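In terms of the numbering used here, the sequence shown is residues 4 to 427.
All C-beta atoms in this analysis are idealised placements derived from N, C-alpha and C, irrespective of residue type, glycine included.
Quick caveat: nothing in here was measured; it's all calculated off a predicted structure.
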Amino acid sequence: MDPQNINPGHWTRDFLSQYALPSSLVAFTTIAVDLLVLLIASWLMDFIIRKIVLTALSRLVKRSNIIWDDHFLKEKVFQAAIHLIPLLAVRAFIPLVFAETESWIAPLENLLSALIIYQAVITVNRAAKATVHVLENHEKYVNKPVQSLQTLVQVISWFVGLLAIISVFTGTSLGTLMGAMAGTTAILMLIFQDAITGLLANFQITMFDLVRKGDWITFNKYGVDGDVISVDLTTVKVRNFNKTISTVPSKAFVSDSFINWRGMESSEVRRIKRHLVLDLDSVSFCSDALIEDLKGIERVRDYIGTRLDEIQAENKAKGVDKSRNLNGRHLTNIGIYRMYIEAYLKEHPMVSGEHSLMVRQLQAGATGVPLEIYCFSKEIRWVQYEAIVSSLFDHLMAAAPAFGLRLYQSPSSFVAAGLFNPQT
4 MDPQNINPGH WTRDFLSQYA LPSSLVAFTT IAVDLLVLLI ASWLMDFIIR KIVLTALSRL
64 VKRSNIIWDD HFLKEKVFQA AIHLIPLLAV RAFIPLVFAE TESWIAPLEN LLSALIIYQA
124 VITVNRAAKA TVHVLENHEK YVNKPVQSLQ TLVQVISWFV GLLAIISVFT GTSLGTLMGA
184 MAGTTAILML IFQDAITGLL ANFQITMFDL VRKGDWITFN KYGVDGDVIS VDLTTVKVRN
244 FNKTISTVPS KAFVSDSFIN WRGMESSEVR RIKRHLVLDL DSVSFCSDAL IEDLKGIERV
304 RDYIGTRLDE IQAENKAKGV DKSRNLNGRH LTNIGIYRMY IEAYLKEHPM VSGEHSLMVR
364 QLQAGATGVP LEIYCFSKEI RWVQYEAIVS SLFDHLMAAA PAFGLRLYQS PSSFVAAGLF
424 NPQT
């Protein structure tokens, strides 16, 4: 039955007409009473639905094994959707209540339509928020920037909702409005260029998995060194190790260079790449006395024996004059020390034997000859990692004098006074 063909307000008008009141007052009172009855009825409808339907839904959700409905209930998605029912009911009966004052119908219908659109947008946004929580707890989407999904839905829903409300009040179709906005696209792109580029950058970040929540990143350009705590539509928020919070534009992760330490964490090893600088004046061929002394070191004993036999055999075969060290081949203290470091690292329980391990010389310069240690620690946690590295280099620095080597350092007053006496 069409509500426009019924006028339940006649009982109010008939009742008031008995008292010979002015017709304008009767009409106004009739409308006010009918409107009040409609509002009370809609409120009762909303109250009853919430008490009955929402209570029943809550019980069903608690009994079900499905995860998503728990988040939808927690974020009040169902409650927001239920509010639409009384709004739709009031909107449907507006022509009936204001049948005698038709000039009020269109403005009130527009107002109710705007409220319905607003409530629908609220419902969609709550549903998006609940969906994000569902995805965040899903194994497939752990540490993925799904928070951007909620922001994207919010932007689109509010934009479309605003256009729909404008369409309602202006009487222009939504398609016509969107077509008219095409002419102002250039201006809008200029105004919202940061948001647009951020949105595109966020899409690339998500597609190529550049950054996730929980990643440790280093971004020197922005002074960032810490863990990612959120990946939003246009920004990435990072908690630095000094407990400060930095916000970096999403587009920077596409256009600039940064370090993501996720690979280290997933491989469960962390690279050690440091060097010792040896004094060039301490590098020399090994004397017989030094060789005999170094044979007492278990880590290089076999190496010295094997290498010495090879060198002596080659020198003998070539008839090398042994009166000068430059003739033929000889062991050097830096070479034996390099092999000692390699053997020491291979024995160390916290140095990975499954990854690259190398000890090499770098280009010698005015500050000496660098001996670089390149290996991987089994410990990736910062504090523990630094303790392991310090322990390694404590030992290697203390071991250098045993090979007749000195570590280079800029001359100090101690050295200038001639008090330096390296251990041998």
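Per DSSP, reduced to three states, the secondary structure at V257 is helical. Within the DSSP bridge table, the entry for D284 names no partner.
Around the beta-carbon of D37, 16 or more other beta-carbon atoms lie within 10 Å, marking it buried.
Annotation: the segment 313 to 347 contains no complete segment of the alpha helix (DSSP H) (minimum length 4 residues). Annotation for D197: the continuous alpha helix (DSSP H) segment containing it runs Q196 to M210. Every alpha helix (DSSP H) of 4 residues or more that sits fully in the segment 46 to 118 is shown, in chain order, as 58 to 66, 71 to 77, 80 to 85 and 87 to 100. In the same chain as M181, and ignoring 5 residues on each side of it, the C-beta atoms closer than 7 Å to its own belong to L166, in chain order. The segment 324 to 343 makes contact with the segment 286 to 295, as at least three CB pairs between them are under 8 Å. In chain order, L57, L60 and F75 place their CB closer than 7 Å to the CB of F81, counting only its own chain and leaving out the 5 sequence neighbours on each side.
When Cβ pairs closer than 8 Å are counted between the two stretches, the segment 216 to 235 is seen to touch the segment 248 to 256, the count reaching three or more. DSSP, reduced to helix, strand and coil, places R215 outside both helices and strands of the structure shown, so it counts as coil.
In the three-state DSSP reduction, P414 falls in the coil class, being neither helix nor strand.
A distance of 8 Å or more separates the beta carbons of T238 and S260. S380 is positioned such that its CB atom lies closer than 8 Å to that of V354. Residues V354, L360, V362, I376, C378 and L395 of the same chain have their beta carbon placed closer than 8 Å to that of L348, with the five preceding and five following residues left out of the count. With respect to the 8 Å criterion, M267 and I383 are classified as neighbours on the basis of their beta carbons.
M361 has Y377 as its beta-bridge partners, per DSSP. In the DSSP assignment, D230 falls outside any alpha helix (DSSP H) and within the unbroken beta strand (DSSP E) covering V227 to V234.
In this structure, Q207 lies near V257, with their beta-carbon atoms less than 8 Å apart. Taken through DSSP and simplified to helix, strand or coil, R409 comes out as coil.
If you look at R242, you'll find it in the beta strand (DSSP E) that goes T238 to N243. The bridge partners DSSP lists for T247 come to none. Contact fails between the segment 64 to 74 and the segment 82 to 91, because fewer than three Cβ pairs, one in each stretch, are under 8 Å apart. According to DSSP, residue pairing for G368 in a beta bridge involves G371. Its Cα nearest to that of I275, the residue H358 stands out among T154, A102, H358 and I300. For H278, the CB contacts under 7 Å within the same chain, skipping 5 residues up- and downstream, are L365, P373, L374, E375 and I376 in chain order.
The alpha-carbon of T154 is positioned some 56 Å away from that of Q412.
Contact annotation: E78 and A123 have beta-carbon atoms that are not nearer than 8 Å.
Annotated three-state conformation of H136 is helix, per DSSP.
Residue nearest to V93 within the set L114, S269, S45 and L203 is S45 (criterion: CA-CA distance). For W385, the enclosing alpha helix (DSSP H) starts and ends at W385 to A402. The C-alpha of L47 lies about 29 Å from the C-alpha of A131.
Bridge pairing for L279: L374 [DSSP]. The three-state secondary structure of I307, taken from DSSP, is helix. As a beta-bridge residue in DSSP terms, N263 pairs with I220.
Here the alpha carbon of K319 sits roughly 32 Å from the alpha carbon of D282.
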